[in-house]
Amino acid sequence: MYHLKRAVNHCAAMFLAVLLLQSCDLSPEKKEPITFLQEHVEWLADDERGGRLAGSFQEASSANYIADYFQRTGLLPYVDSETYLQQFVLNGPMVQAMGKENHISRNVVGIVEGTVNPDRFIVVGAHYDGQGMGGIISMDLNNEPAIHNSADDNASGTAGLMWLANRFANNPAESTIIFAAFSGEEMGLLGSEYFVEQMDMPVDSVLAMINLDMIGRLDDGQLSIFGTGTGNIWDSLLDEVQTDSLVISQVPDGMSSSDHASFSRAGIPVLHYFTNSHDDYHRPSDTSDKINYTGMKWVLDHAEQVIRMVDAIHPDDIIFTASSAQSGSPAVLDGVTLGVVPDYNFNGTGFRIDHVRSGSLAEESGFTDGDIIVRINSENIANIFSYMETLNTFSEGDSAEFSILRDEEEIVLSIKF
42 MYHLKRAVNH
52 CAAMFLAVLL
62 LQSCDLSPEK
72 KEPITFLQEH
82 VEWLADDERG
92 GRLAGSFQEA
102 SSANYIADYF
112 QRTGLLPYVD
122 SETYLQQFVL
132 NGPMVQAMGK
142 ENHISRNVVG
152 IVEGTVNPDR
162 FIVVGAHYDG
172 QGMGGIISMD
182 LNNEPAIHNS
192 ADDNASGTAG
202 LMWLANRFAN
212 NPAESTIIFA
222 AFSGEEMGLL
232 GSEYFVEQMD
242 MPVDSVLAMI
252 NLDMIGRLDD
262 GQLSIFGTGT
272 GNIWDSLLDE
282 VQTDSLVISQ
292 VPDGMSSSDH
302 ASFSRAGIPV
312 LHYFTNSHDD
322 YHRPSDTSDK
332 INYTGMKWVL
342 DHAEQVIRMV
352 DAIHPDDIIF
362 TASSAQSGSP
372 AVLDGVTLGV
382 VPDYNFNGTG
392 FRIDHVRSGS
402 LAEESGFTDG
412 DIIVRINSEN
422 IANIFSYMET
432 LNTFSEGDSA
442 EFSILRDEEE
452 IVLSIKF
């Protein structure tokens, strides 16, 4: 039977030779939440971190920083290991394109053992890798190498993960909570996929996975929660949560280009907290001074309530349900782009553009905010997933006709990539 390793002597058994651990004070930090979140976001998104690209020494430094925090906060190393670091080899099309093939990356994973049901699990995750110096994963039109500090995407979620680890270390749940900082997300969800593949516990012992990805730009209280179609409990549970000043949009799809998709594909109910996209997404301008730290605290208060409510539900009452996009793969653009930001809250047919980036191909070709792409050449576009799958079939120099709905009228725009 799966079991957790008990630490007999934390300061001895949990000392990691690869980390620069500075103390054996395991008490959770007592800082005010806004100060806590700001300090950790600013450290992770500092220029010295170089954008935290997976496989880089700056990513390794960031992993050590998170692992050091887990140790000081009293989290146990994951499963039967004496390290928080779960190493894996970077591979895949995006990795090859970025010249990082066979580089070593690492997830950082710690646990707060359940007080009553330690063999039941809830995973709380956030990716800590960023976009490095840009390149093919950058949305910057300049194309010159520049540090992408990756503050919202996803130093915000990582700091949030650390805050929740603090909260549960101080007040454990009945179930075991696994706190996982994933790497390789920007190269295709590589870290979370590896984590799921390597899980020792039965899948049905994992009650849910909560993903924090881009939670730092709350605007007018608008919060999107994806994955509400992946579990029979989500709609009724979310109705009971105190929302403070949040205006929540629930999106059923559990498959998108973030780490919760790795768990959803394995049959685990998921939620993804997301404060929506912005013009700084995957650009050097995604910096820590633009983060709404008060908004982050509201989001994390909501997430903590959800985790504790899931903890109180009997596993037999939690049933995984396939969302509308469940059979697909995570949506990742690995070729040409238009230069538009999706409307992630759009539930109609097609791909709705939230806004068009200045100077982009979309702007040059006549697209405007609010356009809904319903067809590319002869391919019907049902949602963001089919949009990305279709766009990935084109290469630079190709031409295409985009059929769009604008003010209920269908028009056709021609594009050469």
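Straight run, no breaks: the sequence shown in this note's numbering ends on number 458.
We treat Cβ as the ideally placed atom computed from N, Cα and C, and that holds for glycine.
Please read these numbers as outputs of a predicted model, since none were measured by experiment.
List the DSSP bridge partners of Q128.
Partner(s): R147.
So is T328 buried or exposed if we call it buried at 16+ other beta carbons inside 10 Å?
With 16 or more other Cβ atoms within 10 Å, it is buried.
Which partner residues of K457 appear in the DSSP bridge assignment?
Bridge partners of K457: S440.
So within the segment 169–223, which uninterrupted alpha helix (DSSP H) runs reach at least 4 residues, ignoring any that extend past its ends?
Listed in chain order, the complete alpha helix (DSSP H) runs (minimum 4 residues) inside the segment 169–223 are 198–211.
Residues bridged to G101 by DSSP?
Per the sequence shown, residue 101 should be read as Ala rather than Gly. DSSP, once it has assigned bridges, lists no residue as partnering A101.
Entirely within the segment 399–438 and at least 4 residues each: give me those alpha helix (DSSP H) ranges in chain order.
Taking only runs of at least 4 residues, the alpha helix (DSSP H) segments lying wholly in the segment 399–438 are 402–406, 425–432.
Count the other C-beta atoms from every protein chain shown that fall within 10 angstroms of the C-beta of T271, then say buried if there are 16 or more, exposed otherwise.
When all chains shown are included, T271 counts as buried.
Since A249 is in the beta strand (DSSP E), which residue starts that stretch and which ends it?
Note, A249: beta strand (DSSP E), 247–253.
What did DSSP end up calling F77 once you bin it into helix, strand or coil?
In this structure, F77 counts as helix in the three-state DSSP scheme.
Looking at C-alpha atoms only, which residue of K71, N421, I266, N424 is the closest neighbour of W204?
For the residues K71, N421, I266, N424, the minimum Cα distance to W204 belongs to K71.
Mind listing, in chain order, the continuous alpha helix (DSSP H) runs of no fewer than 4 residues lying wholly within the segment 244–316?
Whole alpha helix (DSSP H) segments, 4+ residues: 275–281, 301–306.
Let me make sure I understand the geometry here. Which of G173, R393, S191 has the alpha-carbon closest to that of E185?
The option with the nearest alpha carbon to E185 is G173.
Helix, strand or coil, according to DSSP, for L117 in the structure here?
Reduced to three states, the DSSP call for L117 is strand.
Using a Cβ-Cβ cut-off of 6 Å (strictly less than) and excluding sequence neighbours within five positions of H323, which residues of its own chain qualify?
Same-chain partners within the cutoff: Q172, S179, M180.
Can you say whether F408 is buried or exposed, counting buried as having 16 or more other CB atoms within 10 angstroms of its CB?
When all chains shown are included, F408 counts as buried.
I need the straight-line Cα distance from I413 to G336, nearest angstrom please.
Spanning the two alpha carbons is a distance of roughly 30 Å.
By DSSP's criteria, N333 is part of a beta bridge. Which residues make up the other side?
The partner list for N333 (beta bridge, DSSP) is empty, contrary to what the question assumes.
By alpha-carbon positions, which one of F111, A192, R147, S444 ends up nearest to G91?
G91 has its Cα closest to that of A192, out of F111, A192, R147, S444.
Under 8 Å, with one C-beta from each stretch per pair, do the segment 212–228 and the segment 156–164 reach the 3-pair mark?
The segment 212–228 vs the segment 156–164: in contact.
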